[in-house]
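Chain order of the listed sequences is A and B. Residue numbering for the first sequence follows our numbering, beginning at 1 and increasing consecutively. Residue numbering for the second sequence follows our numbering, beginning at 268 and increasing consecutively. Even glycine gets a Cβ: it sits at the ideal position worked out from N, Cα and C. So the structure is just underneath, and the comments pick up after that.
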Amino acid sequence: MRRRLLPHLPLALVAVATVFPFYVMVVLSVQHGRPLSLPGSLLPIHIDFGAYAEALAGSDMGRWIGNTVAYSGISVVLVLVFASIAAYAFAKKRFFGSKVLFWTFIAMLMVPYHLTLIPQFILISKLGLLDTMTGLIVPTLANAQALFLMRQFIIGIPDELIEAAKIDGAGEVRIFFQIILPQCKPILATLGVFVFLWHWNDFLWPLVATRSPGNYVLTVGLYSLQAKDVSLAVTMAAAVITFLPILLVYLLLQRYFVRGVTMSGMK
Amino acid sequence: MQMNPIRRIGALATAVVLAAAMAACGSGGGVPSDPSQVSGKVTMWIYPIGADLEKTWWQPKVAEFRKKYPKVNVDVVVQPWANRDEQLTTAIAGNKGPDVVYLIPDQLSQYADTGALADVTDVISSDRSDFRDNALQAMTYDGKLYGVPLLMSVTTTMVNKKVMQAAGVTSVPQTWDDLLAAAPKFKAKGYYATYYIGDPKQTLNQTFYPLLWQAGGEVLSADGKKCTINSAAGLKALEFVKKLIDNGYTPKDALTAAQQAETSPFAQGKVGVTISTASADLATYKLSKENYQVGPPLKDVKSVGYGTVGGLSVLQSSQNAAAAKAWVQWVTSTAQMKEFDKSRSYFPPRKSVGSLYASDPLVGGEEKYLDQMRPGVISPQGRALMDLIKPHLQAALLGKVTPKQALDAAAAEVDALLARS
Numbered sequence: 001m002r003r004r005l006l007p008h009l010p011l012a013l014v015a016v017a018t019v020f021p022f023y024v025m026v027v028l029s030v031q032h033g034r035p036l037s038l039p040g041s042l043l044p045i046h047i048d049f050g051a052y053a054e055a056l057a058g059s060d061m062g063r064w065i066g067n068t069v070a071y072s073g074i075s076v077v078l079v080l081v082f083a084s085i086a087a088y089a090f091a092k093k094r095f096f097g098s099k100v101l102f103w104t105f106i107a108m109l110m111v112p113y114h115l116t117l118i119p120q121f122i123l124i125s126k127l128g129l130l131d132t133m134t135g136l137i138v139p140t141l142a143n144a145q146a147l148f149l150m151r152q153f154i155i156g157i158p159d160e161l162i163e164a165a166k167i168d169g170a171g172e173v174r175i176f177f178q179i180i181l182p183q184c185k186p187i188l189a190t191l192g193v194f195v196f197l198w199h200w201n202d203f204l205w206p207l208v209a210t211r212s213p214g215n216y217v218l219t220v221g222l223y224s225l226q227a228k229d230v231s232l233a234v235t236m237a238a239a240v241i242t243f244l245p246i247l248l249v250y251l252l253l254q255r256y257f258v259r260g261v262t263m264s265g266m267k
Numbered sequence: 268m269q270m271n272p273i274r275r276i277g278a279l280a281t282a283v284v285l286a287a288a289m290a291a292c293g294s295g296g297g298v299p300s301d302p303s304q305v306s307g308k309v310t311m312w313i314y315p316i317g318a319d320l321e322k323t324w325w326q327p328k329v330a331e332f333r334k335k336y337p338k339v340n341v342d343v344v345v346q347p348w349a350n351r352d353e354q355l356t357t358a359i360a361g362n363k364g365p366d367v368v369y370l371i372p373d374q375l376s377q378y379a380d381t382g383a384l385a386d387v388t389d390v391i392s393s394d395r396s397d398f399r400d401n402a403l404q405a406m407t408y409d410g411k412l413y414g415v416p417l418l419m420s421v422t423t424t425m426v427n428k429k430v431m432q433a434a435g436v437t438s439v440p441q442t443w444d445d446l447l448a449a450a451p452k453f454k455a456k457g458y459y460a461t462y463y464i465g466d467p468k469q470t471l472n473q474t475f476y477p478l479l480w481q482a483g484g485e486v487l488s489a490d491g492k493k494c495t496i497n498s499a500a501g502l503k504a505l506e507f508v509k510k511l512i513d514n515g516y517t518p519k520d521a522l523t524a525a526q527q528a529e530t531s532p533f534a535q536g537k538v539g540v541t542i543s544t545a546s547a548d549l550a551t552y553k554l555s556k557e558n559y560q561v562g563p564p565l566k567d568v569k570s571v572g573y574g575t576v577g578g579l580s581v582l583q584s585s586q587n588a589a590a591a592k593a594w595v596q597w598v599t600s601t602a603q604m605k606e607f608d609k610s611r612s613y614f615p616p617r618k619s620v621g622s623l624y625a626s627d628p629l630v631g632g633e634e635k636y637l638d639q640m641r642p643g644v645i646s647p648q649g650r651a652l653m654d655l656i657k658p659h660l661q662a663a664l665l666g667k668v669t670p671k672q673a674l675d676a677a678a679a680e681v682d683a684l685l686a687r688s
């Protein structure tokens, strides 16, 4: 028995260490308005949900959640579509300047986001897309990180599969949708989770690109409700509110996520 | 040199277009005395000041304003505090900024320096003398008023009465010497005499600067071009803090680790005297107000503390400057200011508002020191130079370098920054 449990002990310790910050977040969120004495305050003896009430004191809450779901959901679909099409081209097609184009695109990762913020804002503003869902989503679609991950995955798909499909008379569109995309399910699921997380937690771009409180996403809306000298409990309550939907998404897509990690590890 | 006639016409047309654009965009002209002459749409960006929901406050206020100015529409947008400079800078760069924005002195000088703000001297031309001098000074840059003060804060000495009693300290320390004299008594009973926070995240406005001013020093020279923190007064202030640390009168770990307010020795009731605190901090973690008492800002050669000023600025790019100024004038009028500041536990920059907290011993006690408050360093580099100074102060307090070396090094870095800007 001991022999069977022993190998799991390090894993259990890592699991506890991983979950601990979330535990702290939840426990501190119910310690509204009370001096904290650590580690004593980490035992939830006094539970007060006042911090949640303070964090949620906005009537636009439903709209913000809706906007965030739309922003994250639509972005996931579009980013995956664009990234997979581009990645297929970069991974399996040879055309003039493909490598230069690819690395130029990847070089975008090295440009600090703040540098591109103002030009991006001016562009959206001149297109008349300020304070619209389109204006919010479009600039985030060219995602270099997603493209890179997708390309690395597609490179691993044997060329023979594509050749065989060609011999059978399949065209490019059919090859992409019937051969490549089904192979990419694990990476698409993994990327989907990541892209959803990035958009769900995104703050700066939605802050700059939206104007009316009705168009805010959750992160911006929650912050707009919080006074400057907000207590730790309210900050934690807001973090819990923002975190819960992502936890849900993660739990639902967990098997894809794990499979994606395992498969990419075996490549 | 003769100019080609076509080019001359082109130049003339350009000049006309520019003049027209400037007339359209510029925010010149004051507030017309007849409200019916003022029209347009005003967008104001404000932030969550106070704990209540701002929309419930601002919408009725806009309706009230419109009774006086029926042709002006006001849209108040409550923006988050987080990343507000990125948001405002981006909006201004994209020519999509608001007409009116709430700013504090640190920001005001940055935006005024880039020409983004309009001079609002005319908004208070009829009652300038009603505003406190330090409030106006905080909203002034390069001799021009770029914001109308709406609120002020006070940070000053505050004592924990229970700790004082336990340590046998009978009166609130008024001077540095008083604090140093009382400190061993606190220590003997297991308390900290005071609480100096030196971690790099902390603003110097509530830590070192007040002590520097109390010693008679300044961060910058009068023209703002030279750092004077390494003066004799600066050295005296830093040596004073070092004495508190070396003797164990203030927690040493607060020099390196950022402590949350709730977990700080202050919230735990382990500190006798704090030297730059606002009573509003007590409410955040429900500390009993009855157990605390405020005193004047500490004094070495003068008694002075840090207090911010919040004001409303009109952007230079505003298309409806007259309407924007009318709104600012109305919001900062005596009656409106009184209501706003009282509801948010801030202090009024207008003398005519009178005392708002006379019945509250704690807040009323702070109110007495309004005129002794300073708003920090009025310079476009105000925030940036703090980041240069902080590590040097920390190094001196941790004993890595002498106070003199630290201040000289900090001054040299600040001078280099000022020379570049």
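With residue i as the anchor, note down where its beta strand (DSSP E) starts and where it stops.
{"i": "K308(B)", "result": "307 to 313"}
{"i": "G577(B)", "result": "576 to 581"}
{"i": "M425(B)", "result": "423 to 427"}
{"i": "P416(B)", "result": "415 to 419"}
{"i": "V208(A)", "result": "Per DSSP, V208(A) belongs to no beta strand (DSSP E); it is in the alpha helix (DSSP H), 204 to 209."}
{"i": "V538(B)", "result": "Premise fails: V538(B) is in no beta strand (DSSP E) and is neither H nor E."}
Chain C beta carbons: is any one of them nearer than 8 Å to that of residue i?
{"i": "I118(A)", "result": "The question asks about chain C, but that chain is absent: this structure's protein chains are A and B."}
Can you round the beta-carbon distance between residue i and residue j to whole angstroms, since I take them to be within the 8 Å contact cut?
{"i": "V630(B)", "j": "S546(B)", "result": "5 Å"}
{"i": "I313(B)", "j": "V343(B)", "result": "6 Å"}
{"i": "V508(B)", "j": "Y463(B)", "result": "6 Å"}
{"i": "G577(B)", "j": "P564(B)", "result": "In fact, because the Cβ distance is near 20 Å, the residues do not count as touching under 8 Å."}
{"i": "T357(B)", "j": "L11(A)", "result": "With a Cβ gap of about 46 Å, T357(B) and L11(A) do not count as contacting."}
Provide the residue(s) that pair with residue i in DSSP beta bridges, ordered along the chain.
{"i": "L340(B)", "result": "Residue identity check: residue 340(B) is Asn in the sequence provided, not Leu. K308(B)."}
{"i": "Q31(A)", "result": "D48(A)"}
{"i": "K566(B)", "result": "T442(B), S570(B)"}
{"i": "Y463(B)", "result": "Note: Y463(B) sits in no beta bridge, so no partner."}
{"i": "Y636(B)", "result": "Paired residue(s): none; Y636(B) is not in a bridge."}
{"i": "L129(A)", "result": "Answer by DSSP bridge pairing: none, since L129(A) is not bridged."}
{"i": "L665(B)", "result": "According to DSSP, which records beta bridges pairwise, L665(B) is partnered with nothing at all."}
{"i": "Y408(B)", "result": "K411(B)"}
{"i": "Y216(A)", "result": "Note: Y216(A) sits in no beta bridge, so no partner."}
{"i": "T357(B)", "result": "Looking at the DSSP assignment, T357(B) forms no beta bridge with any residue, so it has no partner."}
{"i": "V345(B)", "result": "I313(B)"}
{"i": "R617(B)", "result": "F398(B)"}
{"i": "Y559(B)", "result": "N427(B)"}
{"i": "R255(A)", "result": "None, per the DSSP bridge assignment."}
{"i": "R641(B)", "result": "Y573(B)"}
Hey, quick one: how far does the alpha helix (DSSP H) through residue i stretch, first residue to last?
{"i": "M604(B)", "result": "601 to 610"}
{"i": "I65(A)", "result": "61 to 92"}
{"i": "S584(B)", "result": "S584(B) -> no alpha helix (DSSP H), and no H or E assigned at all."}
{"i": "I512(B)", "result": "499 to 513"}
{"i": "L370(B)", "result": "Not the alpha helix (DSSP H): L370(B) falls in the beta strand (DSSP E), residues 367 to 370."}
{"i": "S98(A)", "result": "98 to 107"}
{"i": "K518(B)", "result": "Note on identity: in this sequence residue 518(B) is Pro, with Lys being the wrong assignment. Unbroken run through P518(B): none, as it is neither H nor E."}
{"i": "P532(B)", "result": "Where P532(B) is concerned, there is no enclosing alpha helix (DSSP H), given that its DSSP letter is neither H nor E."}
Please name the residue in the options whose C-alpha comes closest to that of residue i.
{"i": "L674(B)", "options": "S498(B), Q535(B), Y613(B)", "result": "S498(B)"}
{"i": "A434(B)", "options": "V540(B), T422(B), L505(B), M425(B)", "result": "V540(B)"}
{"i": "H659(B)", "options": "N587(B), E633(B), A482(B), G465(B)", "result": "G465(B)"}
{"i": "N558(B)", "options": "M431(B), D389(B), V341(B)", "result": "M431(B)"}
{"i": "I162(A)", "options": "V19(A), A91(A), A238(A)", "result": "A91(A)"}
{"i": "S688(B)", "options": "V598(B), L565(B), K493(B)", "result": "K493(B)"}
{"i": "G698(B)", "options": "K452(B), S396(B), V298(B)", "result": "Residue 698(B) lies beyond the range of chain B shown here (268 to 688); nothing can be said about it."}
{"i": "A593(B)", "options": "F332(B), T669(B), W325(B)", "result": "F332(B)"}
{"i": "I106(A)", "options": "E160(A), L117(A), A83(A), T132(A)", "result": "A83(A)"}
{"i": "V568(B)", "options": "W480(B), L471(B), N427(B)", "result": "W480(B)"}
{"i": "N401(B)", "options": "T423(B), K667(B), W348(B), P616(B)", "result": "P616(B)"}
{"i": "F203(A)", "options": "V81(A), I137(A), M108(A), S41(A)", "result": "I137(A)"}
{"i": "A237(A)", "options": "V16(A), L197(A), R4(A), G50(A)", "result": "G50(A)"}
{"i": "I154(A)", "options": "S98(A), I85(A), E172(A)", "result": "I85(A)"}
{"i": "S396(B)", "options": "A683(B), K657(B), T601(B)", "result": "T601(B)"}
Q. Curious, which full-length alpha helix (DSSP H) runs of at least 4 residues does the region 140 to 185 of chain A contain?
A. List check, alpha helix (DSSP H) in window: 144 to 155, 159 to 167.
Q: Counting only runs of 4+ residues fully inside the region 463 to 489 of chain B, write out the alpha helix (DSSP H) ranges in chain order.
A: 475 to 481, all fully within the region 463 to 489 of chain B.
Q: Scan the region 370 to 403 of chain B and note each continuous alpha helix (DSSP H) run of 4 residues or more that stays entirely inside, going in chain order.
A: Within the region 370 to 403 of chain B, the complete alpha helix (DSSP H) segments of 4 residues or longer fall at 372 to 380, listed in chain order.
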